[in-house]
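Colleague: Numbering follows the UniProt record's numbering, with no gaps: position 4 of the sequence shown is 4.
Take a look at the following structure, please.
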Amino acid sequence: MALLSLVHVDKRFGGVNALTDVGFQVEQDEILGLIGPNGAGKTTLLNCISGVFPLDGGSIHFAGQRISGLPPHRIARLGIGRTFQVVKPFLSMTVRENAAVGALFGASNLQPRLAFQAAEEVLELVGMAAKSGHAVGSLTIPDRKRLEVARALATKPRLLLLDEVMAGLNAVEVEEALDMVRTVHRSGVTIVLIEHVMKVVVGLCQRVVVLNFGQPLAAGTPEEVLRDERVIEAYLGEKYAARVRRAGG
Ligand SMILES: Nc1ncnc2c1ncn2[C@@H]1O[C@H](COP(=O)(O)OP(=O)(O)O)[C@@H](O)[C@H]1O
Ligand SMILES: [Mg+2]
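Listed below in structure tokens is the structure:
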């Protein structure tokens, strides 16, 4: 049985069909990539899975239980953690305190002492243990991304949803972030990640789902999807063209 299963998922915002008949499954222990042009509905899909938005149609099941219709904190407690595309840490608090807030959100009746213990464990996992006493306001962008992953992991999720955690990183930082995601995955967490850097998608994902205008356009291994004519036309063509424009070509 799949760990996560989406069937006929619809989501509308007024007249905008943000998601139309989206269906796919995520198997236990895989890393699934979610790609597609800006505005394709990728973040909306994560918001639907994590319970931020109610669905307008369809259903979502996690570990055999229907989760669509449940509030975000219940879904977090069932074992789904997520990062946010726009990171909003509590700037006046330390790294450790921010991660502990994540632990308190995910669990019921967790003692603060245990929340701080969970925080230290996840900070170790993402390579931030040495900075756990630092003020968040003093962190670099890559470290803020790491903290965001730690905060999501502090709920001890079985499934982690990552929304563009590599955005804004340079090539070296992307390599380091790749290692971090691999470490998290090896610790036993299934991952769905939204990503624009194809090197990351190819380097991490066993399977990729492509969204376009809120609809699934293609699905398969990274190799299959990246040579799919429809994907090249709808997404990769635009990306490669943008790269040529940036290079002044
Ligand atoms: N909270 C919202 N209210 C209204 N429209 C939204 C909201 N969130 C997303 N949308 C719209 O839904 C579509 C998909 O957006 P989004 O999921 O952010 O795309 P992506 O993450 O793939 O770039 C866009 O047309 C966007 O404007
Ligand atoms: Mg997005």
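Every residue gets a Cβ at the ideal spot worked out from N, C-alpha and C, and that includes glycine.
Alpha helix (DSSP H) containing P72: first to last residue?
Modeller: That run of the alpha helix (DSSP H) goes 72–78.
Colleague: Checking the sheet assignment: what are the DSSP bridge partners for L211?
Modeller: In the DSSP output, where bridge partners are listed per residue, L211 has P216.
Colleague: When you compare each of V86, Q85, L114 to V99 by their alpha carbons, which one comes out closest?
Modeller: Looking at the sequence shown, residue 99 is not Val but Ala. Taking only the C-alpha atoms, the option nearest A99 is L114.
Colleague: Helix, strand or coil: which one does DSSP assign to D185?
Modeller: Correcting the residue identity first, residue 185 is His in this sequence and not Asp. Residue state, collapsed to three classes: helix.
Colleague: Any heavy atom of ligand 2 closer than 7 Å to the beta-carbon of Q215?
Modeller: It does not: the Cβ of Q215 is nowhere closer than 7 Å to a heavy atom of ligand 2.
Colleague: Should F13 be listed as close to ligand 1, given that the test is whether its C-beta is under 7 Å from any heavy atom?
Modeller: Flag set: Cβ of F13 near ligand 1.
Colleague: Using only the alpha-carbon positions, how far apart do residue 269 and I60 sit?
Modeller: As displayed, the chain neither begins before 1 nor continues past 249, which places residue 269 out of reach and without an answer.
Colleague: Using beta carbons (cut-off 8 Å, strictly below), is V189 in contact with chain C?
Modeller: Included in the structure is just one protein chain, with no chain C present.
Colleague: Just to confirm my understanding: we take V174, look at its own chain, exclude 5 residues before and 5 after, and list those with CB closer than 6 Å. What are they?
Modeller: So the qualifying residues of the chain are M166.
Colleague: Check L160 in the structure and name its three-state DSSP category.
Modeller: Strand, per DSSP.
Colleague: Hey, how far is the Cα of V87 from the Cα of L125?
Modeller: Spanning the two alpha carbons is a distance of roughly 19 Å.
Colleague: Measuring from each Cβ to the nearest heavy atom of ligand 2, keep the ones under 7 Å and list them in chain order.
Modeller: Output, sorted by chain position: K42, T43, Q85, D163, E164, I194.
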